[in-house]
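Asker:
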Amino acid sequence: MPALELDALEARILGVLIEKETTTPDQYPLSLNALSSGCNQKSNRDPVLELSDSEIVAGIERLRRKSLVGASHASGSRTERYKHAAGAVWQLTPGELAVIAELLLRGAQMPGELRSRADRMSRFETLEALAATLEG
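Be aware that the sequence shown starts at 760, since it is given in this note's numbering, and climbs by one per residue.
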């Protein structure tokens, strides 16, 4: 995976898009309103942020330039919806995406915490399975 730096805003947006793709697939890709709600969510986020729509749009544009986010329109809708391309760009497994999403959304964690929290997106049977993914 090529090295790439993300600022805090880009990390939050990308983490939310990865998370919501798995946890709320019926609402994915996300509208700006849904993405804003996910970025400003009070639970499962560290730190808790209060981002404006204009800040989120600026972050989306930076992620687009890095080829990590794309936009689409549902047929018959004028609302732009956003989706991540991290799995394709970095050739990641669902487990790797789950771990990255949790790290982007909550920062550094102990392996047990990370396993427990990532479990809602991808199942890790043991800490050893998580460790193998982290080393992958």
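For each residue, glycine too, the CB sits at the ideal point set by N, CA and C.
If you count every other CB in all the chains shown that lies within 10 Å of the CB of Glu-778, and 16 or more means buried, which is it?
Answerer: Residue environment: Glu-778 is assigned as buried (16 or more neighbouring CB atoms within 10 Å of its CB, all protein chains considered).
Asker: What's the call for Arg-824, buried or exposed, on a 16-neighbour Cβ count within 10 Å?
Answerer: exposed
Asker: Nearest CA to the CA of Ser-813: which residue from Asn-792, Ala-833, Ala-830, Asn-803?
Answerer: Asn-792
Asker: Check this for me: beta carbons of Val-848 and Ser-881, under 8 Å apart or not?
Answerer: no
Asker: Which runs of the alpha helix (DSSP H), 4 residues or longer, sit entirely within the segment 856–886?
Answerer: 870–877
Asker: Kindly list the residues whose CB is nearer than 7 Å to the CB of Ser-802, restricted to its own chain and excluding five residues on each side of it in sequence; keep chain order.
Answerer: none
Asker: Within 10 angstroms of its Cβ, does Thr-892 collect 16 or more other Cβ (buried), or is it exposed?
Answerer: buried
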